[in-house]
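Per this note's numbering, residue 268 is the first one in the sequence shown, and the count goes up by one each step. Cβ atoms here follow ideal geometry from the backbone N, Cα and C, with glycine treated the same way. Heads up: the structure comes next, in structure tokens.
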Amino acid sequence: MASACSMRTNDRGPEGGNSASCSPCNISYTLPIISSNKLPDQRFVSRGAYGTVSSARHADWRIPVAVKSLQGSLLESERDSLLKEAEILHQARFSYILPILGICNEPQFLGIVTEYMPNGSLNQLLYEKNIYPNVAWSLRYRILYEIALGVNYLHNLSPPLMHHDLKTQNILLDSEFHVKIADFGLSKWRIVSMSLSKGDKSMSEGGTIIYIPPECYDTSKIRSSVKHDIYSYAIIMWEVMSRKKPFEDVVHYLQIMFSMSQGKRPDVGEETLPLDIPYRELAVSLMESAWAPNPEERPSFSRCLIDLESVMRTFEEIPMLEAVINLKRAKAHYEWSCVHLPNKVSNDESISLNIPLNTSIQETSCSPQYDQSYPSSVPQNMSKRCSLLSDDFIFRTMQSQDSAVALNWIQTKREDIVHQMTDTCINQCLDALISKDLIMKEDYELVYTKPTRTSRVRQLLDTTDSQGEEVARIIVQKLKDNRQLGLQPYPNIPPASRSSSLHL
Numbered sequence: 268m269a270s271a272c273s274m275r276t277n278d279r280g281p282e283g284g285n286s287a288s289c290s291p292c293n294i295s296y297t298l299p300i301i302s303s304n305k306l307p308d309q310r311f312v313s314r315g316a317y318g319t320v321s322s323a324r325h326a327d328w329r330i331p332v333a334v335k336s337l338q339g340s341l342l343e344s345e346r347d348s349l350l351k352e353a354e355i356l357h358q359a360r361f362s363y364i365l366p367i368l369g370i371c372n373e374p375q376f377l378g379i380v381t382e383y384m385p386n387g388s389l390n391q392l393l394y395e396k397n398i399y400p401n402v403a404w405s406l407r408y409r410i411l412y413e414i415a416l417g418v419n420y421l422h423n424l425s426p427p428l429m430h431h432d433l434k435t436q437n438i439l440l441d442s443e444f445h446v447k448i449a450d451f452g453l454s455k456w457r458i459v460s461m462s463l464s465k466g467d468k469s470m471s472e473g474g475t476i477i478y479i480p481p482e483c484y485d486t487s488k489i490r491s492s493v494k495h496d497i498y499s500y501a502i503i504m505w506e507v508m509s510r511k512k513p514f515e516d517v518v519h520y521l522q523i524m525f526s527m528s529q530g531k532r533p534d535v536g537e538e539t540l541p542l543d544i545p546y547r548e549l550a551v552s553l554m555e556s557a558w559a560p561n562p563e564e565r566p567s568f569s570r571c572l573i574d575l576e577s578v579m580r581t582f583e584e585i586p587m588l589e590a591v592i593n594l595k596r597a598k599a600h601y602e603w604s605c606v607h608l609p610n611k612v613s614n615d616e617s618i619s620l621n622i623p624l625n626t627s628i629q630e631t632s633c634s635p636q637y638d639q640s641y642p643s644s645v646p647q648n649m650s651k652r653c654s655l656l657s658d659d660f661i662f663r664t665m666q667s668q669d670s671a672v673a674l675n676w677i678q679t680k681r682e683d684i685v686h687q688m689t690d691t692c693i694n695q696c697l698d699a700l701i702s703k704d705l706i707m708k709e710d711y712e713l714v715y716t717k718p719t720r721t722s723r724v725r726q727l728l729d730t731t732d733s734q735g736e737e738v739a740r741i742i743v744q745k746l747k748d749n750r751q752l753g754l755q756p757y758p759n760i761p762p763a764s765r766s767s768s769l770h771l
């Protein structure tokens with residue numbers, strides 16, 4: 268961690284250079300103070316080890332921002348320590364570092380204000396495959412290259428800044444899917460946040476432990492080292508190459524710790540990383556050296572960049588731009604399909620119709636004026652397929668859409684639910700469903716006997732898909748009861764018009 272004393276620089280905005288030097292000074296000298304009144308209508312985004320993250324629109328700047336906040340009473344010494352930490356981070360200005368715009372410093376509210384990243388995190392890009400079915404290799408390597416550039420910059424500051432919590436959730440993506448590294452150097456912020464949450468362990472311990480090098484499992488022996496970050500980077504690299512979560516099926520995080528301490532690492536065989544991956548040999552070599560058991564054998568980020576630069580030189584600019592455009596189209600198409608009329612047609616065929624809700628049934632023939640509103644990623648034969656639908660089918664589909672609010676919400680939030688639903692919530696759902704005779708005992712056992720939490724959630728959601736809206740409503744209610752805040756906003760579910768109990 269950088270020196271506790273604050274650093275003076277001329278505040279020249281995000282493009283300004285960092286000519287930091289330690290000297291006693293007022294903490295707010297370069298760190299703009301932002302009143303919470305300037306951040307109206309904050310919307311919850313997520314909650315983690317560093318506090319609650321909300322989105323807002325700055326009243327004066329007229330731009331979207333993100334607010335990472337701590338709420339509750341703080342000791343004056345804690346507040347000063349956090350402000351010093353934020354001041355140091357304010358100096359770390361670089362293309363691939365999430366810039367801090369200012370801080371809210373009020374008696375019952377302390378928050379860091381940053382730029383808002385519209386494309387979420389690398390974790391979302393990799394695992395929300397229903398939104399991003401394909402991610403071009405050129406873009407994957409660009410992301411890895413930019414992560415290495417950002418961390419290398421931090422390591423070359425004087426004194427060096429170590430991240431020590433590098434993971435896919437902390438790699439944010441801007442409007443063009445460029446990397447912005449977040450949550451570096453916030454060790455004190457994390458400690459205070461966890462104390463305010465009174466030991467809340469809603470986050471998956473196993474989700475973070477995979478990024479921690481084995482030599483750091485014994486907290487009494489931890490010493491600050493750049494070798495920590497390169498290990499975490501190797502795990503991220505494996506995730507980017509495979510689009511899989513390391514050790515996802517392991518039941519308990521202690522099993523991960525034991526396996527990793529014994530030298531086990533994520534599989535790099537051809538079943539996980541196919542032989543046709545571009546520059547596969549170089550990537551595997553880099554991963555294996557970066558997660559070496561002996562920290563001294565791990566390369567620096569400067570050394571990694573030499574290898575990655577040779578790869579990046581082979582990718583042309585136009586295909587890279589096309590890769591970004593394809594992601595934007597995929598995201599736009601997904602969002603478009605969620606707010607229009609997506610539903611099943613005949614057997615397994617699915618389509619998305621763009622039918623204005625205020626249009627009469629006689630007008631729903633997919634005429635040219637409606638075709639103009641399709642995103643470019645919609646199949647060209649969509650209008651032909653749509654023209655085959657009868658007025659009666661469209662009317663019934665619209666009725667079904669209105670009466671299946673919970674089921675449709677679960678389908679669109681499926682991967683988020685898989686990652687966030689707790690075992691407690693799963694058990695409550697199963698108990699409620701079996702007590703209401705909405706599922707059979709065999710369905711209950713099929714979910715309950717799955718070996719991992721994620722597989723239990725997936726089986727529960729599969730059962731929900733097959734059983735319908737009444738089951739889905741219970742799932743949604745239990746998620747709300749268990750305060751799974753990361754899934755907000757929840758749907759407004761109208762009262763059921765009639766019973767839809769399961770016929771046994």
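For Asn419, the uninterrupted alpha helix (DSSP H) run begins and ends at 404 to 422, by DSSP. Excluding residues up to 5 positions away in sequence, Cys692, Gln695, Cys696 lie with their Cβ nearer than 6 Å to the Cβ of Lys745 in the same chain.
At least 7 Å separates the beta-carbon of Val714 from that of Leu700. For Lys351, the enclosing alpha helix (DSSP H) starts and ends at 343 to 358.
In the three-state scheme derived from DSSP, where H, G and I count as helix and E and B as strand, Pro756 is classed as coil. Per DSSP, reduced to three states, the secondary structure at Pro331 is strand.
The residues Gly369, Cys371, Val380, in chain order, have a CB closer than 6 Å to that of Ile301 in the same chain once the five nearest residues on each side in sequence are set aside. Per DSSP, reduced to three states, the secondary structure at Leu306 is coil, with no helix or strand assignment.
If the five residues before and after Met524 are omitted, its C-beta is found closer than 7 Å to the C-beta atoms of Ile476, Tyr484, all from its own chain and listed in chain order.
Taking a cut-off of 8 Å for Cβ pairs, the stretch 385 to 394 and the stretch 433 to 441 touch, as three or more such pairs fall below it. Annotated as proximal: Met688 and Val724, with beta-carbon spacing under 7 Å. Under the DSSP assignment, Ile742 falls outside any beta strand (DSSP E), being part of the alpha helix (DSSP H) whose first and last residues are 736 to 748. Under the three-state reduction of DSSP output, Leu553 falls in the helix class. Annotated three-state conformation of Val380 is strand, per DSSP.
Going by C-alpha positions, Met527 is about 6 Å away from Pro481. Per DSSP, reduced to three states, the secondary structure at Asn694 is helical. When the Cα atoms are used, Leu705 and Asp729 turn out to be separated by approximately 14 Å. The beta carbon of Ala559 sits closer than 6 Å to the beta carbons of Arg565 from its chain, once the five residues preceding and following it are set aside; these are given in chain order. The residue among Val312, Val334, Arg314 with its C-alpha nearest the C-alpha of Ser303 is Val334. The Cβ atoms of Tyr420 and Phe376 lie no closer than 7 Å to each other. Assignment of Phe525 by DSSP, reduced to helix, strand and coil, places it in the helix class. The Cβ atoms of Ile497 and Val446 do not sit closer than 7 Å to each other. Where Cys571 is concerned, there is no enclosing beta strand (DSSP E), although the alpha helix (DSSP H) around it starts and stops at 568 to 579. Using a Cβ-Cβ distance cut-off of 8 Å, the stretch 389 to 407 and the stretch 338 to 358 are not in contact, since fewer than three pairs of beta carbons, one from each stretch, lie closer than that value.
Going by DSSP, Asn397 is part of no beta strand (DSSP E) at all; its letter is neither H nor E. In this chain, Ile544 is not harboured by any beta strand (DSSP E), its DSSP state being neither H nor E. The beta carbon of Ser509 is closer than 7 Å to those of Thr539, Leu540 in its chain, skipping five residues each way along the sequence. The C-beta distance from Pro331 to Tyr383 rounds to 4 Å, short enough to fall under 8 Å. Here Asn759 is exposed: its Cβ has fewer than 16 other Cβ atoms, across all protein chains shown, within 10 Å.
Burial of Thr731 is indicated by the presence of at least 16 other C-beta atoms within 10 angstroms of its C-beta. Here DSSP, grouped into helix, strand and coil, assigns Asn675 to helix. Nearest neighbour of Ala557 by Cα position, chosen from His430, Val507, His495, Ser733, turns out to be His495.
Look at Asn561 here: in three-state DSSP terms it is coil, with no helix or strand label. Taking 7 Å as the cut-off, the beta carbon of Arg750 is found no closer than this to the beta carbon of Ala673.
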